[in-house]
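All letters in the sequence shown, in the order written, are residues 38 to 218 by this note's numbering.
No residue lacks a Cβ here, since even glycine has one placed at the ideal position from N, Cα and C.
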Amino acid sequence: MLSCLDIIGKQIINCRNQTTSYNVADILFQRRELKVIALRLNTTKKSKTTLFLPLRKIIDVNERGVIIQQVGDIVKLEEAPSLAKTFKEFRSIIGFEVYSATQDLLGIVKNYKFDLRTGEIMSFVISEGFFTDITSGYSLLPPITSIDYGKKAIVMAEGEELLISSSTGGLKKLLGIDDRI
Numbered sequence: 038m039l040s041c042l043d044i045i046g047k048q049i050i051n052c053r054n055q056t057t058s059y060n061v062a063d064i065l066f067q068r069r070e071l072k073v074i075a076l077r078l079n080t081t082k083k084s085k086t087t088l089f090l091p092l093r094k095i096i097d098v099n100e101r102g103v104i105i106q107q108v109g110d111i112v113k114l115e116e117a118p119s120l121a122k123t124f125k126e127f128r129s130i131i132g133f134e135v136y137s138a139t140q141d142l143l144g145i146v147k148n149y150k151f152d153l154r155t156g157e158i159m160s161f162v163i164s165e166g167f168f169t170d171i172t173s174g175y176s177l178l179p180p181i182t183s184i185d186y187g188k189k190a191i192v193m194a195e196g197e198e199l200l201i202s203s204s205t206g207g208l209k210k211l212l213g214i215d216d217r218i
């Protein structure tokens with residue numbers, strides 16, 4: 038499983054271990070299926086062309102970068118009509134607010150995790166506020182399809198708050214404090 042923020046900024050490297058002039062700018066996902074389909078790339082060369090790397094062309098992601106077979110796997114926006122349509126509707130979900138069914142603010146999406154092979158978004162990483170983040174760490178929310186892209190919000194249905202898994206980090210973990218006792 039990969040974290041969105043861990044892949045953004047990584048360099049594109051071909052399988053012969055040669056670096057390219059490209060790095061990851063954004064992650065493009067389909068709204069309905071909540072699946073990552075491509076990476077939008079930046080280039081160090083002056084270019085106005087929007088470039089993408091389809092997810093299926095990625096061999097691996099490691100500490101050095103995103104490994105691909107060849108630079109020819111990178112496509113221009115105009116060469117991929119399905120990507121063009123998704124890109125036109127693209128909104129990063131990071132920063133979206135998460136609300137309960139009663140419109141209580143539960144947190145803010147700080148990151149998300151996805152499967153490299155399938156593109157499936159596995160969970161959203163939620164901040165429940167500075168103090169909670171420091172003491173307990175972030176919480177995880179399984180993918181919810183009730184996302185309002187216009188309002189930049191995830192509105193949970195009745196009882197879906199129970200799907201938020203409690204944090205597993207922060208100072209409490211470092212100090213060995215267990216709240217369940």
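Could you spell out the range, first to last residue, of the beta strand (DSSP E) harbouring residue i?
i, result
"Ser164", "Ile158 to Ser164"
"Thr56", "Thr56 to Gln67"
"Ile214", "That residue, Ile214, is in no beta strand (DSSP E); it is neither H nor E in DSSP."
"Ile95", "Ile95 to Val98"
"Pro91", "Leu88 to Pro91"
"Leu199", "No beta strand (DSSP E) contains Leu199, which DSSP labels as neither H nor E."
"Ser203", "Premise fails: Ser203 is in no beta strand (DSSP E) and is neither H nor E."
"Ser176", "Ser176 to Leu178"
Let me know the secondary structure DSSP gives residue i once reduced to three states.
i, result
"Ser137", "coil"
"Ile171", "helix"
"Lys189", "coil"
"Lys150", "strand"
"Leu71", "coil"
"Arg53", "coil"
May I ask which residues mark the beginning and end of the alpha helix (DSSP H) holding residue i?
i, result
"Leu42", "Cys41 to Ile44"
Measure the beta-carbon distance from residue i to residue j and round it to whole angstroms, keeping in mind my assumption that it falls under 8 angstroms.
i, j, result
"Lys65", "Leu78", "Correcting the residue identity first, residue 65 is Leu in this sequence and not Lys. Not confirmed; about 11 angstroms, so no contact."
"Ile105", "Ile49", "6 angstroms"
"Gly108", "Asn148", "The sequence given here has Val at residue 108, not Gly. Rounded, the Cβ-Cβ distance is 29 angstroms, inconsistent with contact."
"Asp63", "Ser129", "7 angstroms"
"Lys189", "Met38", "No, Lys189 and Met38 are not in contact; Cβ-Cβ is about 25 angstroms, not under 8 angstroms."
Original post:
With a cut-off of 8 angstroms, do at least 3 Cβ pairs link the segment 154 to 169 to the segment 97 to 110?
Top reply: The segment 154 to 169 vs the segment 97 to 110: no contact.
Original post:
Mind pulling the alpha helix (DSSP H) runs of 4 or more residues that sit fully within the segment 101 to 146?
Top reply: Secondary structure in the segment 101 to 146: the alpha helix (DSSP H) runs of 4 residues or longer, each lying completely within the stretch, are 118 to 125 in chain order.
Original post:
Counting Cβ pairs closer than 8 angstroms, one from the segment 182 to 192 and one from the segment 164 to 173, do we hit at least three?
Top reply: Not touching, per the Cβ criterion.
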